[in-house]
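Below: the structure, in structure tokens.
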Amino acid sequence: MDLFLNLALNGLATGMLIFLLAAGLTLIFGLMDVLNFAHGGLFAWGAYSGLWIYGKTGSFLIGIAGAILTGFLLGIITEKWIIKPVYGNHVQQILITLGLMLVLSEMLKVIWGPNQITATPPDYLKGSWELGGVIIIKYRVFIILAGLLIYTCVQFLLKKTKIGLVVRAGVMNKEMVQALGINIQKVFMFVFMIGAGMAALGGVLLGPYSGVIHAGMGMEFAILAFIVVVIGGMGNFSGSILAAILVGLSGSFMAYYVPDLSLAVNMLLMAVVLIIRPQGLFGAKG
Amino acid sequence: MKWLRTNKGTTLFWIVAAFLFLLPFVYESRNLMILLTQIFIFSVFAMSYDLLLGFTGIVSFGHAMFFGIGAYSIGIFMKRFEPTMLNFLLALLATLALTALVSFLVGLLTLRLKSHFYAMLTLSLSGLFLVAAEKWRSLTHGNDGFTFRVPEQFIDRTDYYLICLLIIAAVFMMLKRFTNSPLGRVLQAIRENEQRTESLGFHVLHYKIAASIVSGVLAGIAGILYAMSLRFVNTSVFSMDITLDALLMTIIGGVGTLYGAMIGAGLIEFAHDWLTGLAKEHWIFERWIIFFGIIYILVVMFFPKGIVGTLRTITWKRKKQQAVKKKEKLAG
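From first to last, the protein sequence lines are chains A and B.
For the first sequence, position 262 (counting from the first letter as 1) is numbered 262 according to the working numbering, and the numbering increases by one without interruption.
Converting from the second sequence to the working numbering requires adding 286 to each position, the first position being numbered 1.
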């Protein structure tokens, strides 16, 4: 039971981190038809900048805020100067975002050096609780709560606010939204900013969780996020959290029982989804 | 020899090839020889990538996986068994079979969907191959890789250089014919307008899968050549960097031209060699890839046709202007 609970918590925490990355990807894809291959780069930038600020100021919360801000800024720059000039051309978009990924991760190495950077959680999140013989690590619970909080906030934003309404309408039919007199370009930028901010938040939360950060981690997590986006359905926000939890859990259980197959199982899951339901397991929109 | 005289570009290719063929006999330089061999190998790889990206309009982010399959098959065969010609041929066969199978499966799964899916699936599948190569230590020796001996026919550097030159010429001619064949024409039609091609009665999926298989097999051959030139193989052959190399070479050189892929391969490999040499002067040159990343983004944005394509457009425009002037003269 102890083991099971620990693995489940671990999987949930990883799932939440993947969700933070995948949610932005899926929203951006749904609205703008852009698959942002540079998303992993934003994730890594969030981690580096957040932990750097955390190290300088000594406050983890300021670090998180700094990471989100970095994500917002990078998101705006990316949307404005990289994505917009090639809007409407799929192949060019895919190519250019991958180029950006390359530049982003190399920039990390230029600024912070090519070596791994260690990270520890702040004192109040260190250690663990003991509940009836079960040891629960605090930081994991923190990640899960943070992920759920973000999910609720974004869900609220999408379902209850004006801008959310526009975004949802844009996912369905953006020409129509434009025809109704809404400046969809601004909405694109807003969504890109939010997506990048979420990715950066995921990055900074991952730092103390895994202990070390390195420039290649963006790509590693981006691969998982792509799997999640396919399983959850492209452009499906609620699908992405379920798929992220699924991938996180399967990853953590497989990593314990059959460690060599943990990535393979997720890949297999993706292949099966691609064959049977290319529009994703959750929801009908393709 | 009618097939030799197709156009200016092909003639130029044969002149350069003849020059490169004579080079080792007049100019003895081991380093240059190794660098050129490397360029030939990556040219084959980049051309195979160009077939997908430039001629069919499919974006793959996991081309390294075919490269790696080739490199590991030859490595494992040469390490496990005697390095003889027979075993080399067996490794070649294994590579052909494996790359064809993998590219067929990947194509079957994703090519009927939007272009994003192929890019994503290949990206994650090559990640899977990378992990597999790291974990399956009994076969691959993990991250450290292993050295192996090559058949004696391939030991001499100059011989190997000539063999690679022959192979690149053969691959170039083959791809030239392939892209100009009816099948190749359909592929280009798919790139231009997929729905229209479909409605003209072509089964688009079959053609795309065919392109993906040819490209995968050629990339596997490039992998074999690469591993044999180093006589060493490790997990880096599956890494993202290899795919990125192909991307940079094809995009900067010019997509859909084949020459572009070769020029790009030459440029990048030369620059790599030169800039890593400069790393002693200033540390920023160690991160030389960043320059290429920026150039790459600029090329995608402003010169989506790359070097060769842009040059072609310029000469085409000039010809057109001349033609117009001639007409005006005749009329006036």
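Ideal Cβ placement from N, Cα and C applies to all residues, glycine included.
For residue j and residue i, the rounded distance between their alpha carbons
i	j	result
H90(A)	N36(A)	11 Å
G354(B)	V177(A)	47 Å
L397(B)	V586(B)	23 Å
S128(A)	Y257(A)	24 Å
F578(B)	L534(B)	7 Å
L290(A)	E106(A)	The requested residue 290(A) does not occur in the structure, where chain A is confined to residues 1 to 286.
V273(A)	L564(B)	48 Å
E130(A)	H214(A)	32 Å
L448(B)	F432(B)	26 Å
L5(A)	K126(A)	19 Å
T296(B)	G348(B)	30 Å
D33(A)	F363(B)	45 Å
P85(A)	Q116(A)	35 Å
L313(B)	F305(B)	Looking at the sequence itself, residue 313(B) is Tyr, so the reference to Leu does not match. Whole-angstrom Cα-Cα distance: 11 Å.
L98(A)	A38(A)	6 Å
F307(B)	F299(B)	12 Å
L407(B)	Q155(A)	29 Å
I600(B)	I64(A)	51 Å
A244(A)	I18(A)	6 Å
S49(A)	P122(A)	16 Å
L268(A)	L414(B)	10 Å
P437(B)	A455(B)	22 Å
Simplified DSSP assignment, three categories, for residue i
i	result
V500(B)	helix
T118(A)	strand
V272(A)	helix
W602(B)	helix
E368(B)	coil
E130(A)	strand
I28(A)	helix
T543(B)	coil
T161(A)	coil
I137(A)	strand
F432(B)	strand
F234(B)	Summary: the structure shown does not reach residue 234(B), with chain B confined to residues 287 through 618, and so no result is reported for it.
I441(B)	coil
I344(B)	coil
F589(B)	coil
F488(B)	coil
G286(A)	In this prediction, G286(A) has a pLDDT of 39, which is less than 50 and means its spatial position is unreliable; what the coordinates show is noted afterwards. Coil at G286(A), not helix or strand.
F142(A)	helix
Any C-beta of chain C under 8 Å from that of residue i
i	result
A405(B)	Given the protein chain composition of this structure (A and B), no chain C is represented.
Residue i: contacting residues in chain B (beta-carbon distance under 8 Å)
i	result
F226(A)	M406, L409, S410
D2(A)	Within 8 Å Cβ-Cβ: nothing; D2(A) doesn't reach chain B, min ~28 Å.
M267(A)	S410, L411, L414
K80(A)	Those do not exist, as K80(A) stays about 13 Å from chain B at its closest Cβ, beyond 8 Å.
Sub-8 Å separation of residue i and residue j beta-carbons
i	j	result
L69(A)	V191(A)	no
V166(A)	V187(A)	yes
G356(B)	G506(B)	yes
I150(A)	L20(A)	yes
G58(A)	I194(A)	no
G239(A)	F282(A)	yes
L9(A)	L530(B)	no
I476(B)	G343(B)	yes
A200(A)	G71(A)	yes
V594(B)	L95(A)	no
G66(A)	I53(A)	yes
E517(B)	F434(B)	Sequence check: residue 517(B) is Arg here, not Glu. Closer than 8 Å, so yes.
S498(B)	L338(B)	yes
G233(A)	G164(A)	no
Where residue i meets chain B, residues with beta-carbon distance less than 9 Å
i	result
V187(A)	Per Cβ cutoff of 9 Å: no residues; V187(A) is ~21 Å from chain B at best.
M219(A)	L409, G413, M526
Residue i: CB within 7 Å of a non-hydrogen atom of the ligand NAP
i	result
V503(B)	Questions concerning the ligand NAP fall outside what the structure shown contains, since it holds no ligand whatsoever.
Contacts that residue i makes with chain A (C-beta to C-beta distance below 7 Å)
i	result
G579(B)	G99, L102, V103, E106
L530(B)	L102
Chain B residues whose Cβ lies nearer than 7 Å to that of residue i
i	result
D260(A)	K421
Contacts of residue i in chain A (Cβ-Cβ under 8 Å)
i	result
L399(B)	L274, P278
I575(B)	L102, E106
H402(B)	F29, L35, H90, I94, M234
| message | Using 8 Å as the cut-off, can you tell me whether the region 262-274 of chain A makes contact with the region 223-231 of chain A, which would need three or more C-beta pairs spanning the two stretches below that distance? | response | As far as the Cβ criterion goes, the region 262-274 of chain A touches the region 223-231 of chain A, which means the pair count is three or higher.
| request: Inspect the CB distances between the region 375-390 of chain B and the region 498-514 of chain B and report whether three or more fall short of 8 Å. | output: They touch, by the three-pair rule.
| Segment contact, 8 Å Cβ cut-off, at least three pairs: the region 386-397 of chain B with the region 313-330 of chain B | Put simply, the region 386-397 of chain B does not touch the region 313-330 of chain B. Fewer than three CB pairs are less than 8 Å apart.
| How about the region 427-446 of chain B and the region 552-561 of chain B: do they share at least three Cβ pairs that are nearer than 8 Å? | With the rule of 3 Cβ pairs closer than 8 Å, the region 427-446 of chain B does not count as touching the region 552-561 of chain B.
| request: Check whether the region 517-524 of chain B touches the region 412-422 of chain B, taking contact to mean three or more Cβ pairs, one atom from each stretch, closer than 8 Å. | output: Result yes; three or more Cβ-Cβ pairs closer than 8 Å.
| task | Flag this pair as touching only if the region 360-372 of chain B and the region 538-549 of chain B have three or more C-beta atom pairs under 8 Å; answer yes or no. | result | The region 360-372 of chain B makes no contact with the region 538-549 of chain B: fewer than 3 CB pairs, one atom from each, lie closer than 8 Å.
| Does the region 197-213 of chain A come close enough to the region 9-17 of chain A that 3 or more CB-CB pairs lie under 8 Å? | The region 9-17 of chain A, when compared against the region 197-213 of chain A, does touch it at the 8 Å Cβ threshold.
| said: When you compare the region 45-54 of chain A with the region 99-114 of chain A, are there three or more beta-carbon pairs, one atom per stretch, that lie closer than 8 Å? | reply: The region 45-54 of chain A and the region 99-114 of chain A touch, with no fewer than 3 CB-CB distances between them shorter than 8 Å.
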